[in-house]
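Only one structure is covered here, and it is reproduced in the block below.
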Amino acid sequence: MQRQEHLQRLKEQQFDILVIGGGITGACIAHDAALRGFSVALIERRDFGGFTSSASSKLLHGGIRYLPKGQVWKVRESGREQMIFQRLAPHLVRWRPFLIPTEHGLSLTKGAWALKIAMKIYGLCHFGLKNLLDNPARQPPQGEFFDVEAALDVAPQLSSVDRLSGAQVLFESHMHSSERMTLGFLKTAVSNGAAIANYLEAEQYLTAQGRIEGVAVRDTLTDEQFSVRARLTINSAGPATQA
């Protein structure tokens with residue numbers, strides 16, 4: 001389907017859901033909604049995935065950073081999403097090893113004993129999530145703890161760490177192209193009936209009786225203005241969102 005066909009649908013059709021923003025968040029919303037049978041529209045003012053989504057670390061972390069805050073439910077949620085991405089896009093996602101150095105002493109953040117306990121809790125939070133993978137070969141490798149000699153052997157730069165006591169190997173998911181990931185979700189949304197177009201800027205909400213019923217948009221390529229109407233409008237424009 002070409003852009004003009006999508007534009008025609010955006011002008012004429014009343015949608016269940018309108019998504020503003022074609023980054024990874026908007027693409028995933030459109031993807032999930034279309035798969036669930038909703039009629040979906042998505043507009044993006046620039047290139048799809050060309051702003052915040054293209055400047056990410058491309059890391060799909062398993063939530064270990066939430067452990068110090070005691071947010072174990074976030075660790076579980078992050079691990080679950082990590083496995084889902086591994087299943088949905090095995091051609092874009094790989095497990096990558098990360099090395100976390102530890103120091104001698106009783107530090108709660110840098111001590112080897114503290115990190116070993118944290119890794120046990122981390123593993124418990126992820127218990128059973130491997131079952132979400134349809135291919136056992138996609139399971140994450142087992143992490144391990146390196147002593148000082150082994151840590152320096154794989155990462156000589158750690159010699160600059162004061163009181164180095166070793167290092168923990170943690171495997172995280174990494175996508176080599178966040179742009180391709182975003183486009184993949186958008187293409188699947190389109191194949192399930194979504195109407196999408198970029199270079200459409202949302203200029204103002206359309207309201208009636210205190211409810212948002214869509215947005216007035218401007219085609220930045222032609223300067224044409226028209227309305228896109230939906231029962232529910234979701235603004236996922238990220239930093240471009242205006243209060």
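Using UniProt numbering, you'd call the opening residue of the sequence shown number 1 and step up by one each time. By construction, the Cβ of each residue, glycine as well, lies at the ideal position given by its N, Cα and C atoms.
The alpha helix (DSSP H) enclosing residue 191, as first and last residue numbers: 178-191
Distance, residue 236 Cα to residue 179 Cα: 17 Å
Any beta strand (DSSP E) of 3 or more consecutive residues that is wholly inside the stretch 21-96: 40-44
N- and C-terminal bounds of the alpha helix (DSSP H) containing residue 118: 112-125
Whole-Å CB distance - residue 167 paired with residue 68, under 8 Å assumed: Residue 167 to residue 68, Cβ: 18 Å. No contact.
Within 8 Å, strictly: CB atoms of residue 173 and residue 60: yes
Boundaries (first-last residue) of the alpha helix (DSSP H) holding residue 104: Careful: residue 104 lies outside any alpha helix (DSSP H) and carries neither H nor E.
Selected residue, minimal CA-CA separation from residue 248, among 109, 30, 157: Since the first residue of the chain shown is 1 and the last is 243, residue 248 is not available in this structure.
Beta-carbon spacing of residue 53, residue 24 below 8 Å: yes
From 99, 132, 220, residue whose alpha carbon lies closest to that of residue 150: 99
Candidates 119, 234, 205, 199, of which the one nearest residue 51 by Cα: 199
Cβ contact check for the stretch 42-51 and the stretch 189-204: 3 or more pairs under 8 Å: yes
Residue 106 burial status per 10 Å Cβ neighbour count (16 or more: buried): exposed
Boundaries of the beta strand (DSSP E) in which residue 219 is found, first to last residue: 211-219
Buried or exposed by the 16-neighbour rule on C-beta atoms within 10 Å, applied to residue 8: exposed
Option nearest residue 204 by Cα separation, candidates 221, 193, 233, 143: 233
Alpha-carbon spacing of residue 137 relative to residue 229, whole angstroms: 45 Å
Reduced DSSP category for residue 236 - H, G, I as helix; E, B as strand; rest coil: coil
Local Cβ density within 10 Å of residue 86, reported as buried at 16 or more and exposed below that: buried
Cut-off 6 Å between Cβ atoms - residues of its own chain near residue 72, not counting five sequence neighbours on either side: 125
Reduced DSSP secondary structure (H/G/I, E/B, other) of residue 248: Any question about residue 248 goes unanswered here, given that the chain covers just 1 to 243.
Proximal residues to residue 34 (C-beta, below 7 Å), its chain only, five neighbours per side dropped: 40, 189, 192, 193, 194
Burial state of residue 157 (16 or more Cβ within 10 Å): exposed
Same chain, Cβ closer than 8 Å to residue 78, neighbours up to 5 away in sequence not counted: 61, 62, 63, 66
Assigned exposure category for residue 209 - 16 Cβ within 10 Å defines buried: exposed
Under 8 Å between C-beta atoms of residue 132 and residue 83: yes
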